[in-house]
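Accompanying notes for the structure given below.
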Amino acid sequence: MKWLAWYRRQPVRRKIFIPFFAITLLSSTLFTIYGFIQNVKAIENEIDKRLLIAALTMPQLLPADYFDRVQTPDSIPETEHWANTRRLDTFLRNVGGTYLYALNQVSNHYYFVASAATDTVYWAEYTNPAPNIYEVQKTWDVNISTTPDPDWGLLRSVVMGHKDSTGRRFIIGADIHAYEVEALKRRAFLNFFMMGFASFLLAVVFSYVASTTITQPLTRLSNFTRRLVEGGFSADIRLDAGLFPDGNRTRAETAILAFDFDQMQANLAAHIEQLKLTQSARERAESELRIAGQIQETFLPGPFAPAEFGGRVQLQAAMKTAKQAGGDLFDYFALDDGHLFFAIGDVSGKGMPAAMFMSAAVVLLRSAAKLWRDPAEILRRVNDDLALRNESCTFVTLFAGILDVRTGEVVFANGGHNPPRLRNAAGAVAAVPTKTNMVVGALEGQTYVRETLALRPGDVLVLYTDGVTEAFNEADQLYGEDRLDRRLGALPADTTAAEILRGVVADVAAFAGAREQSDDITMLVLRSLPPAQKTT
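Counting in our numbering, the sequence shown runs from 10 upward without gaps.
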């Protein structure tokens, strides 16, 4: 962009001053706008509060039996009415309103029975009631609104109902002219504008002085470094005498920087070479991890076919690694027309070792699952094979199950993994009771318990690794199983397996915010459907 190219051509002092100026202008503008908006809200709230106080206090300023007596045009003597008016006038001036009144409705006509700040006589008819007069009679609750009055103009009003001792209702209202409210808002805007403009001017002056003060020694140091580069970092290049400490703090710091440049001349070549070697090693490691991650992806199953098993089941799984190659795993495949094998696991450690162990675990798991239909036996076989030459003491937590699609029975075994969550068709969520057993791959000769559960139509089985529940946010708070249960329970009953998985992963990401992912996040969602329901 042209403006960016222009900015890059400017001197350092101007480069410092321009952002200062822009930030100052923006902050002053935002301060003025924000302060004005907040002040306007405060003004409106204060006015509404005063009007509400006036309306609530009015019955207390009148005689105790006043509303019991005001039933006809002759109920109140004129002297009492004007005495009440004077008392209400004094109160209204102290509160800061424009009008204060009480109305009695008789046969669809409204009559003033008390008022302030007007010369309205007792029982004068209110011929053109404002809309809020009718509105308050619907519920008799407090009504606060800006209302156009045919006789009095645009008003900010508080209107409420009031009962006498017999339960007869009256209408009490307190108003202030809208133009008075607008005048207060304009005054507030002017005040904040002047404060913002004054702070802007002060900040501009400060920015100019600061940019000049900062860049003056930097300019001299820039000249020195340019000569140093042009001279091939020769020791013959002398430091500018003005950069040496002379009691000025800024120059002293610049001199330290200049001396650092001087000392780097002897070591620079060695450092550059070391950096090249380090960079090369890092690139090789990253390349190996990237390739390992690509290879690792080939071990994971492809998308679950919606029409598989006659549309009786939905399955969705996904893994989000913390590094280029992860240690989590999941797998699923059909054993025959009526049985579905599924598994999820979490390898100890991170990076390349975990990825290699994960790949071996997936291969062994698939081989064992095709030979034995018992998840406990599958885990036992995989455990012995992994532990045989496991010098690194790496292990994997595994949960493996086989779903009978026709009956909904799930046969499973748990090798030290998180218990899955089961959400029934009614939306209730609970952990699947399971024996944890030993992790897989740590020690030979371990046995695993075979367990079962019934998956009814509409039930959802959610398998996950601890990267989900042990995700932290920026406040070091744990996502946790309770939040996971609430998230699953809040989903509609017809939510698909894919939508459930995406919803949980998105909720974990929103919870973590800017916090870096520290562990792989893997989920497998299995949803049982009635025979007639189609999967998506």
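For glycine and all other residues, C-beta sits at the position ideal for the given N, C-alpha and C.
**Request:** Go ahead and label Ala14 buried or exposed: buried means 16 or more other beta carbons lie within 10 angstroms of its beta carbon, across all protein chains shown.
**Result:** When all chains shown are included, Ala14 counts as exposed.
query = What do you reckon, are the CB atoms on Leu61 and Val151 nearer than 8 Å?
reply = Going by C-beta atoms, Leu61 is nearer than 8 Å to Val151.
Beta strand (DSSP E) segments (min. 3 residues) lying fully within the region 396-475: Under the rule that a run must span 3 or more residues, the beta strand (DSSP E) segments found entirely inside the region 396-475 read 405-413, 418-424, 430-432, 438-440, 460-463 and 469-473.
Notebook entry, point to check: When the distance is taken between beta carbons, is Ala326 closer than 8 Å to Leu339?
Noted result: What sits at residue 339 in the sequence shown is Phe, not Leu. Using a Cβ distance threshold of 8 Å, Phe339 and Ala326 count as a contacting pair.
### Query
Are there 16 or more other CB atoms within 10 angstroms of the CB of Leu472, so buried, or fewer, so exposed?
Buried, by the Cβ-count rule.
Exercise for review: Out of Thr504, Leu500, Asp413 and Gly489, state which residue places its alpha-carbon closest to the alpha-carbon of Arg321.
Suggested key: Arg321 has its Cα closest to that of Asp413, out of Thr504, Leu500, Asp413 and Gly489.
Taking contact to mean 3 or more Cβ pairs, one atom from each stretch, closer than 8 Å, check whether the region 385-401 and the region 497-511 are in contact. When Cβ pairs closer than 8 Å are counted between the two stretches, the region 385-401 is seen not to touch the region 497-511, the count staying below three.
*Taking just the CA atoms, how far does Ile142 sit from Ser154?*
Roughly 11 Å separates the two Cα atoms.
Discussion item. Going residue by residue through the region 118-161, where are the continuous alpha helix (DSSP H) segments of at least 4 residues, counting only ones entirely within it?
Written reply: DSSP runs (the alpha helix (DSSP H)) wholly in the region 118-161: 140-148.
- Message: Beta-carbon within less than 8 Å of Thr399's beta-carbon, same chain only, minus the 5 sequence neighbours each way: which residues are those?
- Response: The question names Thr, but residue 399 is Asn in the sequence shown. Gly450 and Ala451.
* **Arg78: first and last residue of the uninterrupted alpha helix (DSSP H) it sits in** => Its alpha helix (DSSP H) spans residues Tyr75 to Arg78.
Q) Residues in its own chain within less than 7 Å of Ala51 by CB, not counting five upstream and five downstream? A) Annotation for Ala51: no residue places its beta carbon closer than 7 Å to its own, counting only its chain and skipping 5 residues before and after.
Give the DSSP bridge partners of Ala111, in chain order.
DSSP lists Ala123 and Ile181 as the beta-bridge partner residues of Ala111.
In whole angstroms, give me the CA-to-CA distance for Thr531 and Asp494.
Their Cα atoms are separated by approximately 16 Å.
message: If the criterion is Cβ atoms closer than 8 Å, does the pair Leu97 and Ala133 meet it?
response: The answer is no: Cβ separation not under 8 Å.
Give me, in chain order, the residues of the same chain whose beta-carbon lies closer than 7 Å to that of Glu418; leave out the 5 immediate sequence neighbours on both sides.
Excluding five sequence positions before and after Glu418, the CB atoms of its chain that fall closer than 7 Å to its own CB belong to Thr461 and Ala463, given in chain order.
Q | Sub-8 Å separation of Ala352 and Phe408 beta-carbons | A | Yes, Cβ-Cβ distance for Ala352 and Phe408 is below 8 Å.
### Query
If we ignore side chains and look at the alpha-carbon of each, how far apart do Thr148 and Trp91 end up?
Straight-line Cα distance between these residues: approximately 31 Å.
Can you tell me the Cβ-Cβ gap for Ala111 and Ile180, rounded? I've got them flagged as a contact below 8 Å. For Ala111 against Ile180, the beta-carbon gap comes to about 7 Å, under 8 Å, which counts as contact.
Practice item. Give the C-beta separation of Asp475 and Asp355 to the nearest angstrom, bearing in mind that I take them to be a contact with Cβ-Cβ under 8 Å. Key: About 6 Å; that satisfies the 8 Å criterion.
Following the continuous alpha helix (DSSP H) through Asp83, name the residue where it begins and the one where it ends.
-> That residue, Asp83, is in no alpha helix (DSSP H); it is neither H nor E in DSSP.
Leaving out five residues on either side along the sequence, give the residues of the same chain with a beta carbon under 7 Å from the beta carbon of Ala502. Sequence-distant Cβ neighbours of Ala502 in its own chain, meaning closer than 7 Å and more than five residues away, are Ala434, Gly436 and Gly467.
Give the C-beta separation of Ile411 and Val420 to the nearest angstrom, bearing in mind that I take them to be a contact with Cβ-Cβ under 8 Å. Contact holds; Cβ gap of about 5 Å.
Hey, quick one: how far does the alpha helix (DSSP H) through Asp494 stretch, first residue to last? Start and end: Gly489 to Gly498.
Requested in this report: Please name the residue in Met204, Leu497 and Ala396 whose C-alpha comes closest to that of Gly44.
Outcome: Comparing alpha-carbon positions, the option among Met204, Leu497 and Ala396 lying closest to Gly44 turns out to be Met204.
Review point. For Gln19, which of helix, strand or coil comes out of DSSP?
Key: It is coil, neither helix nor strand.
Report the rounded CA-to-CA distance for Leu431 versus Ala499, giving the unit in angstroms.
One C-alpha to the other measures close to 14 Å.
Q) When DSSP labels each residue in this structure, what does Lys7 get in the three-state scheme? A) An answer regarding residue 7 cannot be provided, because it is not within the stretch 10 to 545 covered by the chain.
query = With a Cβ-Cβ cutoff of 8 Å, do Ala385 and Arg459 count as a contact?
reply = Result yes, Cβ atoms of Ala385 and Arg459 sit closer than 8 Å.
query: According to the neighbour-count rule (16 or more other Cβ atoms, all chains shown, within 10 Å of its Cβ), is Tyr188 buried or exposed?
result: Taking all protein chains in view, the Cβ of Tyr188 is surrounded by fewer than 16 other Cβ atoms within 10 Å, so the residue is classified as exposed.
Taking Cβ positions, are Val130 and Gly170 nearer each other than 8 Å? Gly170 is positioned such that its CB atom lies no closer than 8 Å to that of Val130.
Candidates Leu324, Asp394 and Thr403, of which the one nearest Pro362 by Cα: Checking every option, the nearest Cα to that of Pro362 belongs to Thr403.
Original post:
Do Thr33 and Ser216 come within 8 Å of each other at the CB atom, strictly closer than that value?
Top reply: In this structure, Thr33 lies closer than 8 Å to Ser216 by Cβ.
Q | Option nearest Lys379 by Cα separation, candidates Leu395, Ser357, Ala369 and Leu349 | A | Residue Leu349 is the option with its Cα nearest to Lys379.
DSSP bridge partner residues for Arg536 (one or two, in chain order):
According to DSSP, Arg536 bridges with Gln323 and Val469.
Exercise. Is it the case that the Cβ atoms of Asn423 and Asn446 are separated by a distance below 8 Å?
Worked result: Yes, they are a contact pair.
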